[in-house]
Amino acid sequence: MESYQRAAEIVPSERQLAWQKMEFYAFCHFGMNTFTGKEWGDGQTPPEVFNPTDLDAEQWVKAIKSAGMRGIILTCKHHDGFCLWPSAYTEYSVKNSPFRDGKGDVVREVADACRKHNIKFGVYLSPWDRHEETYGQGEAYNTFYKNQLRELLTNYGEIFTVWLDGACGEGKNGKVQKYDWQSYYAVVRELQPNAVISICGPDVRWIGNEAGVCRKSEWSVVPSWLSINEFTAERSQKEDDKKFAKSHNAMLLDLGSRKAIRKENELIWYPAEVDTSIRPGWFYHPEQDYKIKSLDKLFKIYLSSVGGNASLLLNVPPDKTGHISKMDELTLDSFGRLLRREFPENLFGEHARADATSELDEAHGAQNVLSEDETAYWQAASDDPKPELILDFGQETRFDSLFLQENIATGQQIEAFSVYIEHKNHWKRIGKYTVIGYKKICYFKKAHKARKIRIVFNQNRGKVTILCALAYKREELDTPTDNTQDLS
Ligand code: FUL
Numbered sequence: 075m076e077s078y079q080r081a082a083e084i085v086p087s088e089r090q091l092a093w094q095k096m097e098f099y100a101f102c103h104f105g106m107n108t109f110t111g112k113e114w115g116d117g118q119t120p121p122e123v124f125n126p127t128d129l130d131a132e133q134w135v136k137a138i139k140s141a142g143m144r145g146i147i148l149t150c151k152h153h154d155g156f157c158l159w160p161s162a163y164t165e166y167s168v169k170n171s172p173f174r175d176g177k178g179d180v181v182r183e184v185a186d187a188c189r190k191h192n193i194k195f196g197v198y199l200s201p202w203d204r205h206e207e208t209y210g211q212g213e214a215y216n217t218f219y220k221n222q223l224r225e226l227l228t229n230y231g232e233i234f235t236v237w238l239d240g241a242c243g244e245g246k247n248g249k250v251q252k253y254d255w256q257s258y259y260a261v262v263r264e265l266q267p268n269a270v271i272s273i274c275g276p277d278v279r280w281i282g283n284e285a286g287v288c289r290k291s292e293w294s295v296v297p298s299w300l301s302i303n304e305f306t307a308e309r310s311q312k313e314d315d316k317k318f319a320k321s322h323n324a325m326l327l328d329l330g331s332r333k334a335i336r337k338e339n340e341l342i343w344y345p346a347e348v349d350t351s352i353r354p355g356w357f358y359h360p361e362q363d364y365k366i367k368s369l370d371k372l373f374k375i376y377l378s379s380v381g382g383n384a385s386l387l388l389n390v391p392p393d394k395t396g397h398i399s400k401m402d403e404l405t406l407d408s409f410g411r412l413l414r415r416e417f418p419e420n421l422f423g424e425h426a427r428a429d430a431t432s433e434l435d436e437a438h439g440a441q442n443v444l445s446e447d448e449t450a451y452w453q454a455a456s457d458d459p460k461p462e463l464i465l466d467f468g469q470e471t472r473f474d475s476l477f478l479q480e481n482i483a484t485g486q487q488i489e490a491f492s493v494y495i496e497h498k499n500h501w502k503r504i505g506k507y508t509v510i511g512y513k514k515i516c517y518f519k520k521a522h523k524a525r526k527i528r529i530v531f532n533q534n535r536g537k538v539t540i541l542c543a544l545a546y547k548r549e550e551l552d553t554p555t556d557n558t559q560d561l562s
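Numbering (my numbering), first residue to last: 75 to 562.
Structure below.
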């Protein structure tokens, strides 16, 4: 059996499937660095410095939801070791800060606000801890770390992800801590079996840079060595070097094609997440207020990540007052509007039809791609050499984007496909693509007008499935009407 055929048999776990459906969610880097203006704290800043005067977690959640994001991951402890919850295992936390007279708990406030507004909550707990004395002492630190994990995974309700950062800036003569990763994972599985363990974990893969850059063909089935934490750590930030991880030079460009996996024995389902910040830094710095990513840039990142078989984790750092600043709030709101304007209403209405060159059986008919049933999908017959799908709007229709989803519960299979429209009695090709995976957004600068769209699956790994097809036409912005003639 060829390795690509083995790859075709690999499927996601339930927790990976649930995570993938989140698509777009937020990182909130908040902590001691918010008050010192640093990106990496050294763990020596006194707890008194942490003093958000007007923390409003609901404001965060509302701002984040306005952009269409479905969850928040909070930096409960960054590399400086300062804990945003009153951990029983260290004095270096909110309990010794002026915040709510030492009685506050940022993790609780954010977790509660997420629950109240129906988005998911996840935790970031930095393995690298520059404050904790036991760091570098092997088992003592591992026990400390697991105790903190237990607190976070027991006291704050359902957690959707535990985000394990690979960064460690200890220099040559620095402390060396051997993390007992497997025992960390065991705590997560025991206490939050539905949570994915991301980055230095087995469930979600770091895309490989912090610039928001994706691969042209992002595969969810990749060689298992990509999940070895030392490999991830090697490519994470080494020092407080803002340039390294933000560039994508260190990124391997092909992880999952037939060629890339030809000699690989062990393959795993390890889907990608793109993490990037709305600002140059991960933490809030007022001098970066005018360096917020433009809507255009955010949209490009969205199309290539969410629309390119990856998820998008966008960092929005709250400021010293404990608010998401006005500038970011406005950007998020505008971005939400932009998405709703780009993808307003699915154009495959009740008169739309789907046909295919073949159907596996009655249960896997082509019409399933147009149904809202999330479990119904089309599957081509296994002996169909080049399956095709024809989507018929029922009448001439203008569209400028097409969303396609494979049924990834049965694996990722499509390697190349082309999209055509019916034009003056022949088929005109309007796009040529590689993978689909969870979601592919085929985005056209100009609208196409046609009654029928034909999709030809030129190369696949054995099982061609499509779960869903959607088409949109962006809403034009209202242009001010010219009243001058009326005035004359
Ligand atoms: C990196 C960290 O060093 C940054 O400070 C930030 O937390 C980013 C998400 O991960 O590895």
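All residues carry an ideal CB built from backbone N, CA and C; glycine is no exception. Treat the numbers as computed from the prediction; the structure is a model and nothing was measured.
Whether residue i touches residue j by CB criterion (7 Å)
| i | j | result |
| --- | --- | --- |
| G240 | T149 | no |
| G511 | E480 | yes |
| I495 | A454 | no |
| F531 | I464 | no |
| L199 | K151 | yes |
| K190 | G145 | no |
| V278 | L329 | no |
| I540 | V443 | yes |
| S291 | V135 | no |
| I335 | S77 | yes |
| K252 | G212 | yes |
| L386 | V348 | yes |
| L544 | T471 | no |
| G142 | G410 | yes |
Residue i CB to nearest heavy atom of the ligand FUL below 6 Å
| i | result |
| --- | --- |
| D116 | no |
| S379 | no |
| D239 | yes |
| W356 | yes |
| S310 | yes |
Among the options, nearest to residue i - alpha-carbon criterion
| i | options | result |
| --- | --- | --- |
| Y282 | A82, E419, A346 | According to the sequence displayed, residue 282 carries Gly and not Tyr. The shortest C-alpha separation from G282 is found at A346. |
| Q263 | I138, K220, A521 | Note that residue 263 is Arg in the sequence shown, not Gln. Nearest option by C-alpha distance: K220. |
| Q533 | W202, S200, L372, K460 | K460 |
| C274 | E183, Q256, A285 | Q256 |
| K235 | Y99, I488, T395 | Residue 235 is actually Thr in this sequence, not Lys. The residue with the shortest Cα to Cα distance from T235 is Y99. |
| I233 | E304, I147, E436, L91 | I147 |
| I482 | K537, I375, A185 | K537 |
| G111 | Q486, H359, S456, K169 | H359 |
| W452 | A437, D458, E446 | A437 |
| I366 | M401, R336, E304, S379 | M401 |
| Q362 | F373, V390, S456, R411 | V390 |
| Y344 | S294, N216, I529, E213 | S294 |
| F477 | T484, V493, A137, Q486 | V493 |
| T395 | R89, P160, R174 | R174 |
Sequence-distant residues of its chain with Cβ nearer than 6 Å to residue i (five each side left out)
| i | result |
| --- | --- |
| S507 | Reading the sequence as shown, one finds Tyr at residue 507 and not Ser. Excluding residues within five positions, the ones whose Cβ falls inside 6 Å are F491. |
| R204 | D116, G117, H153, D154, G155 |
| T350 | E284, G286 |
| M325 | G282, N283 |
| T558 | Note that T558 scores a pLDDT of 46, beneath 50, so its modelled location is shaky; the value from the coordinates is reported in the next line. Closer than 6 Å at the Cβ level, and outside the excluded window around T558, lies no residue. |
| D466 | R427, K526 |
| S607 | Within the shown structure, residues of the chain are numbered from 75 to 562, placing residue 607 beyond reach of any answer. |
| Q441 | A428 |
| R535 | Y78, A82, Q487 |
Any chain C beta carbon closer than 7 Å to residue i
| i | result |
| --- | --- |
| Y364 | The chain inventory of the structure shown lacks chain C, comprising one protein chain alone. |
Chain-order list of residues whose beta-carbon lies under 7 Å from that of residue i (same chain, five-residue window excluded)
| i | result |
| --- | --- |
| S298 | E340, L341, I342 |
| E313 | Annotation note: pLDDT 47 at E313 (below 50); position unreliable, coordinate value reported separately. Closer than 7 Å at Cβ, skipping near neighbours: G243. |
| W620 | In the structure as shown, the chain starts at 75 and stops at 562, and residue 620 therefore has no counterpart that could be examined. |
| F373 | L412 |
8 Å Cβ shell around residue i - same chain, five flanking residues per side excluded
| i | result |
| --- | --- |
| V261 | K220, L223, R224, L227 |
| K520 | D474 |
Residue i CB to nearest heavy atom of the ligand GDP below 6 Å
| i | result |
| --- | --- |
| S294 | In the structure shown, the ligand GDP is absent; the only ligands present are the ligand FUL. |
Enumerated in chain order, which unbroken segments of the beta strand (DSSP E) with a length of 3 residues or greater are wholly contained in the segment 358 to 433? 384 to 389, 427 to 430
Alpha helix (DSSP H) segments (min. 4 residues) lying fully within the segment 235 to 309: 255 to 265, 303 to 309
Entirely enclosed beta strand (DSSP E) segments - the segment 469 to 527, minimum 3 residues: 488 to 497, 500 to 507
Extract the residue ranges of the beta strand (DSSP E) inside the segment 172 to 239, only unbroken runs of 3 or more that lie entirely within it. 194 to 199, 235 to 238
Fully enclosed by the segment 144 to 171, which alpha helix (DSSP H) runs are 4 residues long or longer? none
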